[in-house]
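Chains as they are written, first to last, in our numbering: chain A, -15 to 120; chain B, -15 to 120. A short write-up of the structure that comes next.
Protein chains: 2
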Amino acid sequence: MSDFVLDLRLESDSTSIMVVGLCDVRLSKDARWPWLILVPRRAGITEIFELTPLDQVLLTFETELVSSALKKVTGATKINIGALGNIVRQLHVHVIARSEGDANWPGPVWGFGKAEPYEDATRDEFIAKLREALSP
Amino acid sequence: MSDFVLDLRLESDSTSIMVVGLCDVRLSKDARWPWLILVPRRAGITEIFELTPLDQVLLTFETELVSSALKKVTGATKINIGALGNIVRQLHVHVIARSEGDANWPGPVWGFGKAEPYEDATRDEFIAKLREALSP
């Protein structure tokens, strides 16, 4: 992992809340949806199939850990998972808690409207709950 | 798998091209993008984290098999992977080949515009190439 450098756009659009085995788990700064982003700390990877088989399994389990925690904390209707990367090519996996009637429901979150910032207290409380749900 | 029944909307919007270990691999009938859909043949599953750990690993490897095959056959710029399920709740994973300048690039495919049908010959040729790329 020594030569892994986080993409600048991911760095500016999200905040790290925890590092798990393979991934940096980050909270999107867009408050419209509870939205986490997993970034495998491997250099030069764009597609999941470029990861080693072991890393693919780690990414799967870490994605599910994060999905379950997000479902538990938010009580959302549906978890949306996506690895697109059409704009930011560094591999990253979105895990988003969706609820009926949220912004653009039942459409996707990507490319919709304009990001809205969190209130500091709301964000800090959410991060605390997520860290607790993500901890063993 | 005995009580697995494919969702009616998935059945009408896509065509099965191959059954692999866990999943039915289906081609979307929307010709705007090369678009495959994996449906794990397990009854009553909505979220990936509801699958057993073994099934999660199978789904991961089958998703990557399909992604690699689709990349090889299409030469696409980027593979988009998504598990949303806001409308159809039966678990299904989208694997879509995206290229610069395609419909709604670099935005997501879901919820964008209106589906366009394949020409029969184009579809049959594409399915033949996919089956070849997916075979061991």
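Think of the CB as a built atom: it goes at the ideal place given N, C-alpha and C, for glycine as much as any other residue. All of these numbers come straight from a predicted model, not from anything done at the bench.
- A contact is defined here as three or more CB-CB pairs under 8 angstroms, and the segment 21 to 35 of chain A meets this definition with respect to the segment 75 to 82 of chain A.
- Residue contact check for A:K98 against chain B: no CB pair falls below 9 angstroms.
- Neighbours of B:P18 in chain A, taken as residues at a C-beta separation under 8 angstroms, are lacking, since the least C-beta distance is about 15 angstroms.
- For B:A67, no alpha helix (DSSP H) run applies; the uninterrupted beta strand (DSSP E) run containing it begins and ends at 62 to 67, by DSSP.
- Residue pairing for A:W19: DSSP places it in a beta bridge opposite A:I80.
- Under the Cβ criterion of 9 angstroms, A:I29 is not counted among the residues facing chain B.
- A:V9 and B:L6 have their C-alpha atoms some 29 angstroms from each other.
- Listed along the chain, the chain B residues whose CB falls inside 7 angstroms of the CB of A:Q74 amount to none; the nearest CB is some 12 angstroms away.
- Nearest to B:A117 by C-alpha distance, out of B:V57, B:L68, B:K62, is B:V57.
- The three-state reading of DSSP puts B:L(-6) in helix, counting H, G and I together.
- Under DSSP, A:L49 shares a beta bridge with no residue.
- Assignment of B:T36 by DSSP, reduced to helix, strand and coil, places it in the coil class.
- For A:L11, the enclosing beta strand (DSSP E) has its first and last residue at 7 to 12.
- Looking from the CA of B:I1, the closest CA among B:F45, B:P120, B:I111 belongs to B:I111.
- Between the alpha carbons of A:W89 and A:D39 lies a gap of roughly 32 angstroms.
- Taking C-beta atoms as the reference points, A:N64 and B:G85 fail to come closer than 9 angstroms.
- For B:T30, the three-state secondary structure derived from DSSP is coil.
- The distance from the Cβ of B:E48 to that of A:I71 is about 22 angstroms, inconsistent with a contact at the 8 angstroms cut-off.
- Judged by their CB atoms, A:A15 and A:E103 are nearer to each other than the 9 angstroms cut-off.
- With respect to the C-alpha of B:L114, the residue from B:A99, B:G95, B:K55 having the closest C-alpha is B:K55.
- For A:A15, no Cβ of chain B is located within less than 9 angstroms of the residue's own Cβ.
- About 5 angstroms separates the CB atoms of B:P92 and A:P92; that is less than 8 angstroms, so the two are in contact.
- In the structure shown, B:I111 adopts helical secondary structure according to DSSP, grouped into three states.
- Contact annotation for A:G95 against chain B: G91, P92 [CB-CB distance below 7 angstroms, chain order].
- Taking a C-beta distance under 9 angstroms as the contact criterion, A:K13 and A:D(-9) do not qualify as a contact pair.
- When secondary structure is reduced to three states using DSSP, B:V(-11) falls in the coil class, being assigned neither helix nor strand.
- B:V(-11) sits exposed, since fewer than 16 C-beta atoms from the chains shown fall within 10 Å of its C-beta.
- Listed in chain order, the non-local C-beta contacts of B:D(-13) below 7 angstroms within the same chain comprise A27, local neighbours out to five positions each way being set aside.
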